[in-house]
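Add 4 to a position in the sequence shown, counting from 1, and you land on the number used in our numbering. Shown next, in structure tokens, is the structure this report addresses.
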Amino acid sequence: MQYFLFFLSLALALFLSMHRVSTTSPPPTCASPTNVKDACKLVADKYPAVGYDFCVKSLKKSGSGDLHNLALVATRTAIAHAASAEAEIEELMELEVDSADKNNFDKCLDAYADDVDHLRNAVDNIAARVYKKAAQQLAAAKSAAKKCEAAFAGGDNKGEVPGAAGSDCAKLASIAQAIVASLA
Numbered sequence: 005m006q007y008f009l010f011f012l013s014l015a016l017a018l019f020l021s022m023h024r025v026s027t028t029s030p031p032p033t034c035a036s037p038t039n040v041k042d043a044c045k046l047v048a049d050k051y052p053a054v055g056y057d058f059c060v061k062s063l064k065k066s067g068s069g070d071l072h073n074l075a076l077v078a079t080r081t082a083i084a085h086a087a088s089a090e091a092e093i094e095e096l097m098e099l100e101v102d103s104a105d106k107n108n109f110d111k112c113l114d115a116y117a118d119d120v121d122h123l124r125n126a127v128d129n130i131a132a133r134v135y136k137k138a139a140q141q142l143a144a145a146k147s148a149a150k151k152c153e154a155a156f157a158g159g160d161n162k163g164e165v166p167g168a169a170g171s172d173c174a175k176l177a178s179i180a181q182a183i184v185a186s187l188a
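Right under this line is the structure:
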């Protein structure tokens, strides 16, 4: 009889623990499902200079998902653009014969390298759901184009950076920043 009561109490405890696990709700998520158009409305409200159409065009391949994933997509897209700008600057720098312009390209290269570092750190923090730190890193990752323009401001180019180095990296980082800010 003791064994029967022992096994009965053990079975009851097991049943109750399984029942408790199955009836608890899943852990809350930081972002509800959304689509690109909804996310881009949020971005356009926060950063009108980025523009709704640019945002949709930049994120349209990601499809719908939660804001967390859209922030990752936007940040990774910004990394790709910044890395592309870095490569183009390196090519232009190799072709340049004027030492002053080479120096300007070197400043641009450093600025984009810094932006890429900030963006990569932002991806890590977004993935870890450390949104406030990610937002700070995204804000810091929007300066390369301005630094390049400043580097070339004194020369014949009057602040215009040769090539496509003045890419859309800052706008892409702004898209990610607006989405991350809504998650923080």
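For glycine and all other residues, C-beta sits at the position ideal for the given N, C-alpha and C. Since we're looking at a predicted model, the values are computed, not measured.
Contact annotation: V54 and V47 have beta-carbon atoms nearer than 8 angstroms.
Here D172 carries a coil assignment [DSSP, helix/strand/coil].
Here D121 is not near S147, since their CB atoms are 8 angstroms or more apart. The three-state reading of DSSP puts D70 in strand, counting E and B together. Put simply, of I93, L76, A84 and K64 the residue whose alpha carbon is nearest the alpha carbon of R133 is L76. If you check the CB distance, A155 and K111 come in under 8 angstroms.
By the criterion of a C-beta distance shorter than 8 angstroms, Y56 is surrounded in its chain by C44, K45, V47 and A48, once the five residues flanking it on both sides are discounted. For E153, the enclosing alpha helix (DSSP H) has its first and last residue at A148 to F156.
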